[in-house]
Structures are given as C-alpha cells and as structure tokens.
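Asks:
Protein chains: 2
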Amino acid sequence: MLKKERQAYILHQVSLHNSVLSTDLSNSINVSEDTIRRDLNELAETGKVIKVHGGALSKSFNSFYLRSDVYNVDNKKIVAQKTVSLIKDGMFILTGGGTTIIELARLLPETLKATFLTGSIPAAYEYAQHPNIEVIFIGDKIAKKSQIAVGGEAISKIKAIKADLCLLGVNAIDTLYGITDNDWDVVQVKKAMIEASTQTALLSISEKLNTHQRIKICDLADVDILITELDKQDTILEPFSKAGLTIF
Amino acid sequence: MLKKERQAYILHQVSLHNSVLSTDLSNSINVSEDTIRRDLNELAETGKVIKVHGGALSKSFNSFYLRSDVYNVDNKKIVAQKTVSLIKDGMFILTGGGTTIIELARLLPETLKATFLTGSIPAAYEYAQHPNIEVIFIGDKIAKKSQIAVGGEAISKIKAIKADLCLLGVNAIDTLYGITDNDWDVVQVKKAMIEASTQTALLSISEKLNTHQRIKICDLADVDILITELDKQDTILEPFSKAGLTIF
DNA sequence: GTTTATATTGCTAATTAATGCAAAATATTT
DNA sequence: AAATATTTTGCATTAATTAGCAATATAAAC
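Taken in order, these protein sequences are the chains called A and B.
Its first residue numbered 1180, the first sequence is counted upward by one per residue in our numbering.
Its first residue numbered 1180, the second sequence is counted upward by one per residue in our numbering.
1. Should B/ALA1351 be labelled buried (16 or more other beta-carbon atoms within 10 Å of its own) or exposed?
2. What does A/PHE1178 reach in chain B if we use C-beta pairs closer than 7 Å?
3. Quick one: what does DSSP say A/SER1211 is sitting in, helix, strand or coil?
4. Which stretch, first to last residue, makes up the alpha helix (DSSP H) that contains B/SER1194?
5. Quick one: is B/LYS1369 buried, meaning 16 or more other Cβ sit within 10 Å of its Cβ, or exposed?
6. Per DSSP, what kind of secondary structure is A/ASP1218 in: helix, strand or coil?
7. Any idea what DSSP makes of A/GLU1386, helix, strand or coil?
8. On a CA-only basis, which of B/TYR1356, B/LEU1287, B/ALA1375 is nearest B/ILE1334? Give me that one, please.
9. For A/ALA1303, return the contacting residues in chain B, with the cut-off set at a CB-CB distance below 8 Å.
10. Are at least three pairs of beta-carbons, each pair with one atom in the stretch 1258-1265 of chain B and one in the stretch 1282-1297 of chain B, less than 8 Å apart?
11. Would B/GLU1305 be called buried (16 or more neighbouring beta carbons within 10 Å of its own) or exposed?
12. For A/ALA1427, does the three-state DSSP call read helix, strand or coil?
13. Can you grab the Cα-Cα spacing for the pair A/ARG1185 / A/SER1237, in whole Å?
14. Looking at chain A, is there any beta carbon in it that lies within less than 9 Å of the beta carbon of B/TYR1188?
15. Cβ of A/ALA1328 within 9 Å of Cβ of B/PHE1316?
16. At the level of alpha carbons, what is the spacing between B/HIS1196 and B/GLN1392?
17. Is B/LEU1382 near B/ILE1266, with beta carbons less than 9 Å apart?
18. Decide if A/GLY1233 is buried, meaning its Cβ has at least 16 other Cβ atoms within 10 Å, or exposed.
19. So, helix, strand or coil for A/ILE1321, using DSSP?
20. Output, in sequence order along the chain, the residues in the stretch 1336-1366 of chain A whose CB is closer than 9 Å to any CB in chain B.
21. Could you compute how far the alpha carbon of B/ILE1404 sits from the alpha carbon of B/ALA1371?
22. Quick one: using the 10 Å Cβ neighbour count with 16 as the cut-off for buried, is A/THR1414 buried or exposed?
23. By the 10 Å Cβ neighbour count, where 16 or more other Cβ atoms means buried, how is A/THR1359 classified, buried or exposed?
24. Quick one: what does DSSP say B/LEU1381 is sitting in, helix, strand or coil?
25. Is it right to say B/GLU1408 is buried, meaning 16 or more other beta carbons lie within 10 angstroms of its own, or is it exposed?
26. Go ahead and label B/GLN1454 buried or exposed: buried means 16 or more other beta carbons lie within 10 angstroms of its beta carbon, across all protein chains shown.
27. Reducing DSSP to helix, strand and coil, say where B/LEU1245 ends up.
28. Distance cutoff 9 Å, beta carbons only. Does A/ALA1428 sit that close to anything in chain B?
29. Need the endpoints of the alpha helix (DSSP H) that B/GLU1282 sits in, please.
30. Please name the residue or residues paired with B/SER1376 in a DSSP beta bridge.
31. Taking only the alpha-carbon atoms, compute the straight-line gap between B/ALA1322 and B/ILE1229 and give it to the nearest angstrom.
32. Closest to B/LEU1190 by C-alpha separation, out of B/ASN1220, B/SER1385, B/GLU1386, would be which residue?
33. Listed in chain order, which residues of the stretch 1196-1222 of chain B have Cβ atoms closer than 7 Å to some Cβ of chain A?
34. Could you spell out the range, first to last residue, of the alpha helix (DSSP H) harbouring B/ILE1300?
35. Check A/GLY1331 in the structure and name its three-state DSSP category.
36. Put A/LEU1200 into one of helix, strand or coil per three-state DSSP.
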C-alpha cells in the first residue's frame, strides 16, 4: 500500500467515524503505530485532520469535500448547530445545498424523524445517512457548479409542495439589496423554495452580511429567520432585526 | 513493446487498480524500474497520473467513496471498461445505481459528450464531475439502502423518456428466472428504465450469473446486452448467448 | 544503404525517503 | 502517586529515486 493511499484510507476513516485511534489504524492496515502517527502528523500539518493524543479527529467531516477544505467551517458549524434547534419531529423541510447546509445535515440528531426535500446531491446524500429521515429528491438537470437540480421541472415540483420550513444557505444578504446570488438558475430554485414554505430561515456566516451580488432572490421581508454564528445581541445584526427578521 | 504501448498499458493498469507499484509493472512487462519510473514521470507531467514514492495513483483515486470497501472492484472495473465502448457522443443514457455503474462513471472519457439520466445519488455525483456530460436527476423519495430515487413520481418521469441506452447493474440473472432483485421499489424503477430505452445493457460480474432473487424485473428476452468480466467465448456465457443476449 | 543525429533504455553508485525498533520522556487514567 | 498508554527521539534497515554514463535502438539526412 502506497503512502498516499494509506493516508487517503486514514482520511476516509476519519470522515466516516469522526475520530480514529492510532492503534486501530495500525491494526487494520498492518503498519506500525509510528507510521500511522507520522501520517496523522502530516495530515494534521496540511490541515486535513486534528491530531490528538492517541489518534486524530475529523476537521470538516466530509466525503464530498475531502480535498478542498471548506471555507470557514467552524463558523458554519455554529450556524448549523443553531439551526438544528429549529427542526422538530414530523416537519417537512425544503433545503438548498451549500456547505452550511451540509454541516447542518451532519449535525442532525439520529433520533430526528422528519422529511427533507432537496435538489442538492451532496445534501441528499448526507440526509440519507440518517436512519429516521425521509429524503425526497427534487430532480431535474444538475448544475455542475453547485450540484443542485435546476430548471422548470424542478421548479414546478417545488411549487407543488407546502413545506413547514425552508432552510437556505445564503450567498449575500443586505438590508438594502435583500438576498442576492450570482447564478440565475439557482436563484429561480431558491425563489420557488421560499414561496413553497410557510417559514424561511437563512443560514449565513457573518462575513456574508451586508454584501450583495448580481441577481436578487427576494427582499428581507419575504423571509423570517436569520441564523449566523454571532451572538443574538451583536450590533451587526441590529439592522436585520429591525427589518423584521428573527435572529438566532 | 513500444514506449507508447507500454504507457498505454500502464495507464490501463492505473485506471483498473487505482494504484500501481513500479516494481510490479517492471516485472509484468519486463523492463527496468528506471524505464517505468521515467514513464510514470512523463505520465505525471502530462497530468495522467499522480506520481508517488514507489509507484503512481490514479488521478481520481478518492472522491465519493473509497473503493477498498467495494466487493470485487477489479472485475467490476473490467465490466465498466467494456461498457464504455458502447457509449457514443450524443447519446441519451438511462442508468441505475450500484457500484459497477459508479466505476463506469469514473472510466468515462473526458471528451465524451452525452446526457446521463439517473435516479442514483452517487452516480449523479460521479457523472457531474465530467466536464462534457449533462446530468438529469430523476427525483423522488430516496431509498436509503440503495441511494436511488424510487416511487411513482420517479417512474412516471422515466416513462416520459425515450433513451438510446439503458445501463443497469444487475443483482441476479438466470436463464430460467430472468433478471431478479430483492427490493420491490428498486425493481419498479428498473422495469420502467428498461421499457423507456431502445436498448438495455446489463452489467454483471460473473458471480451473479445463474443466481436469482425474490422479485422479477423482466425476462432475458426483454434486454439486449450482457457485459461481464469474462471472455466472450466463456462457456458460462453460452446459455445467455443462446437466450438471445449479445455478449460483451 | 550508409551514416549521423536523437531517443530510449539499463546499469552503477550516491542520495533520499519510508518504515520499524527501542529507550526515554510525556500524557492520561485510576 | 502509581500504573498504563502514547509520543518523542535517534538509529538501523530496507526500498526507491536521482544522475551520469554506456549501449542500443530508432529516425533523419546524405
């Protein structure tokens, strides 16, 4: 087994179990613990895992984004964690794609029984890992860049839905420009999702607040909840609160 | 053996096994390790493989899932490789899921311009990695076990399609029992896919020949091509050939 | 069809990389 | 604080790589 292969295997194990023990790895691939340790150190140096006494922990637990580290994962995880509390048993939830949504999918409690509807391949994959979650995929042509289904078929399917909650990762949000994005097809889908839900929550790391992009999805008035990694009281959030959004 | 031939052989080995050792190659084609190394370096410079200490790795050696846990990968890869030759530019291809199909997705040439329609999340993900392939996802409720969309929605969507070719990984195939599977929902989808295509090719490692399961998909007469890792002339394949299947 | 240039290959020796081992030094647990 | 487990360090061993050179093979020129 080549060194890189071994490291790939280790990474896979880490993403699968969130943590590994040097001893276990040593046994399962028959190399000395020294070698494992050296591998883990290399992987830690390049930021792929977090080295701890006795083994290593996953950084951005993922099979999709194994290579490219997700930007700002830590904050995204905070956002995702806050979002979990909004989700109750029995809900019908429409969600988009994006790295924050993926983090959310991973943080969902095992016991949660809910139905998730999405057009994002990575998100669907993650939801499907949960034993008690029903996943409905909204199919259509897959946009390569974002790995989500876009097009008329998908939109009319979304319009036929009435969901309890819509969860969207946000690209740019601003009190003046509203919620904006940079991909026409994706915007159409997001619009439809917001309309199809009784309540919409936006997931956004604070960095994206007060920025805008080319294409408008909707006004702040059209959505309900804003979830960031910041404290509810943070002054940056005040304008959004005043615009009528509930802050989490 | 010419240099180009040798490098083609090396590339083939790499795509088949995901990794090669310089030593092995040196032995199997009787040239010095130096030559192999020089070849690998050339292939690495043109981006065909990833050179590592001791050998080389396939460029796509880790993405969606690691193959180490896939049963009988090598044979599945041979099946997949044979299947590639059936696919031509411009085709509309309906495919199921399953590990053999995933291998196929990975072996598709970069230059291929075709449209793939599938209800399998892992397959869609793999297809979406190709620059010139259009992916249409057939959405519906996702069956956890198989990660494919099942249900009336998906089936009626499939029925609205007329595809050039249907590629199905097979669970069990027998001259007497026909093609069988063990999941009712999946069977419905496969049935619909076969009906919606002018031609159907079955991908199956030989191990699955002459086995059967609970639920019938169709008779041998309803499909056209059988692709296994075996040689066309193999006696095991004779009964299938006699049943009217074209063997690859 | 020679002859000349160019590429390819294999060999040797020196260098570098990868791995495992053992003893000492740290952590961690009880 | 004692017992146990993990890490560090330095070293030995083996394997793989590099670089230079000689021997062939292949292509190009005459």
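Glycine included, every Cβ here is placed at the ideal spot set by N, Cα and C.
Replies: With the given structure in hand:
1. Residue 1351 of chain B sits at position 172 when you count from the first residue of the second sequence. Buried, because 16 or more other Cβ atoms sit within 10 Å of the Cβ of B/ALA1351.
2. Residue 1178 of chain A cannot be examined here, being either before or after the span of chain A that is shown, 1180 to 1427.
3. In the first sequence, residue 1211 of chain A corresponds to position 32, counting from 1. Of the three classes helix, strand and coil, the one that applies to A/SER1211 here is coil, per DSSP.
4. Against the second sequence, residue 1194 of chain B aligns to sequence position 15. Counting along the chain, the unbroken alpha helix (DSSP H) around B/SER1194 starts and ends at 1182-1196.
5. As a first step, residue 1369 of chain B is located in the second sequence; it is residue number 190 there, counting from the start. Buried: at least 16 other Cβ atoms inside 10 Å.
6. Taking the first sequence and counting its residues from 1, the one referred to as residue 1218 of chain A is at position 39. Collapsing the DSSP output to three states places A/ASP1218 in a helix.
7. Walking along the first sequence from the start, residue 1386 of chain A turns up at place 207. In the structure shown, A/GLU1386 sits in a helix (DSSP, three-state: H, G or I).
8. Taking the first residue of the second sequence as 1, we reach residue 1334 of chain B at position 155. For B/ILE1334, the nearest C-alpha among the options comes from B/ALA1375.
9. As a working mapping, residue 1303 of chain A is identified with position 124 in the first sequence. Correct list: ILE1300, ILE1321.
10. yes
11. For the purposes of this step, residue 1305 of chain B is taken as the residue at position 126 of the second sequence. B/GLU1305 comes out buried.
12. As a first step, residue 1427 of chain A is located in the first sequence; it is residue number 248 there, counting from the start. A small correction: the amino acid at residue 1427 of chain A is Phe; Ala does not occupy that position in the sequence shown. Looking at A/PHE1427 - three-state DSSP - the assignment turns out to be coil, as it is neither helix nor strand.
13. Residue 1185 of chain A sits at position 6 when you count from the first residue of the first sequence. Residue 1237 of chain A sits at position 58 when you count from the first residue of the first sequence. Taking the straight line from one Cα to the other gives about 16 Å.
14. Reading the second sequence from its first residue, position 9 is the one you call residue 1188 of chain B. Answer no: the Cβ-Cβ gap between B/TYR1188 and chain A never drops below 9 Å.
15. Here residue 1328 of chain A is taken as the residue at index 149 of the first sequence, counted from 1. Here residue 1316 of chain B is taken as the residue at index 137 of the second sequence, counted from 1. Note that the C-beta distance between A/ALA1328 and B/PHE1316 is below 9 Å.
16. Within the second sequence, numbered from 1, the residue matching residue 1196 of chain B stands at position 17. Within the second sequence, numbered from 1, the residue matching residue 1392 of chain B stands at position 213. One C-alpha to the other measures close to 30 Å.
17. Translated into positions along the second sequence, residue 1382 of chain B becomes position 203. Translated into positions along the second sequence, residue 1266 of chain B becomes position 87. No, the pair does not count as a contact, with Cβ atoms beyond the cut-off.
18. Mapped onto the first sequence, residue 1233 of chain A falls at position 54. Looking at its Cβ environment, which holds fewer than 16 other Cβ atoms inside 10 Å, A/GLY1233 is exposed.
19. Locating residue 1321 of chain A in the first sequence gives position 142, counting from the first residue. For A/ILE1321, the secondary structure class from DSSP, reduced to helix, strand or coil, is strand.
20. LYS1336
21. Stepping through the second sequence from its first residue, residue 1404 of chain B is reached at position 225. Stepping through the second sequence from its first residue, residue 1371 of chain B is reached at position 192. When rounded, the distance between both Cα atoms is 17 Å.
22. By one-based count along the first sequence, residue 1414 of chain A stands at place 235. Label assigned to A/THR1414: exposed.
23. Your numbering for residue 1359 of chain A matches position 180 in the first sequence. It counts as buried.
24. Locating residue 1381 of chain B in the second sequence gives position 202, where the first residue counts as 1. B/LEU1381: strand per DSSP, three-state reduction.
25. The residue you call residue 1408 of chain B lines up with position 229 of the second sequence. Under this definition B/GLU1408 is a buried residue.
26. Any question about residue 1454 of chain B goes unanswered here, given that chain B covers just 1180 to 1427.
27. Here residue 1245 of chain B is taken as the residue at index 66 of the second sequence, counted from 1. Confidence is the limiting factor: at B/LEU1245 the pLDDT is only 46, short of 50, which leaves the residue's position unreliable, though a coordinate-based value still follows. Looking at B/LEU1245 - three-state DSSP - the assignment turns out to be coil, as it is neither helix nor strand.
28. No answer is possible for residue 1428 of chain A: the residues shown for chain A start at 1180 and end at 1427.
29. Walking along the second sequence from the start, residue 1282 of chain B turns up at place 103. Boundaries of the alpha helix (DSSP H) harbouring B/GLU1282: 1278-1286, taken from the DSSP string.
30. Locating residue 1376 of chain B in the second sequence gives position 197, counting from the first residue. Partner(s): B/ALA1342.
31. For this step, residue 1322 of chain B is matched to residue 143 along the second sequence. For this step, residue 1229 of chain B is matched to residue 50 along the second sequence. Answer to the nearest angstrom: the Cα atoms are 36 Å apart.
32. Here the question's residue 1190 of chain B lines up with position 11 in the second sequence. For B/LEU1190, the nearest C-alpha among the options comes from B/ASN1220.
33. SER1198
34. In the second sequence, counting from the first residue as 1, residue 1300 of chain B sits at position 121. First-last of the alpha helix (DSSP H) with B/ILE1300: 1300-1307.
35. The residue you call residue 1331 of chain A lines up with position 152 of the first sequence. In the structure shown, A/GLY1331 sits in a helix (DSSP, three-state: H, G or I).
36. Your numbering for residue 1200 of chain A matches position 21 in the first sequence. Correct three-state label for A/LEU1200: strand.
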